[in-house]
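Residue numbers (my numbering): 477 to 543.
Glycine residues also receive a C-beta, built at the ideal position from the N, C-alpha and C atoms.
Here the structure is a predicted model, which is why all the values come from computation and not from measurement.
In what follows, a single structure is set out as structure tokens and then discussed.
As structure tokens, then:
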């Protein structure tokens, strides 16, 4: 799954090469919502693994804020 690449291509199609900040925020939010919706359609085992991954990412971000 190449979510990042797909989001980049779709964003460029919709907003051109020089989008404004509001368009960028809107596109990123949409990408995260689509990913969340996709994960809900996956097996329970995959959903649990994804939840663990997201928790680990959150912990890394907190570490960077402290550092």
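Cβ-heavy atom distance, residue i to the ligand NAD, below 8 Å
| i | result |
| --- | --- |
| residue 508 | Annotation note on the ligand NAD: not contained in the displayed structure, which lists no ligands. |
Own chain residues within Cβ distance below 8 Å of residue i, not counting five before or after
| i | result |
| --- | --- |
| residue 513 | none |
| residue 515 | 522, 523, 526 |
| residue 531 | none |
Spatial distance of residue i from residue j (CA atoms)
| i | j | result |
| --- | --- | --- |
| residue 492 | residue 508 | 21 Å |
| residue 517 | residue 534 | 23 Å |
| residue 529 | residue 489 | 30 Å |
| residue 496 | residue 506 | 16 Å |
| residue 536 | residue 511 | 20 Å |
Contacts around residue i, its chain only, beta-carbon distance under 6 Å, and the 5 residues preceding and following it disregarded
| i | result |
| --- | --- |
| residue 487 | 503 |
Segments of 4+ residues assigned as alpha helix (DSSP H) that fall wholly inside the segment 488-541: Taking 4 residues as the minimum length, the alpha helix (DSSP H) runs contained wholly in the segment 488-541 are 497-516, in order along the chain.
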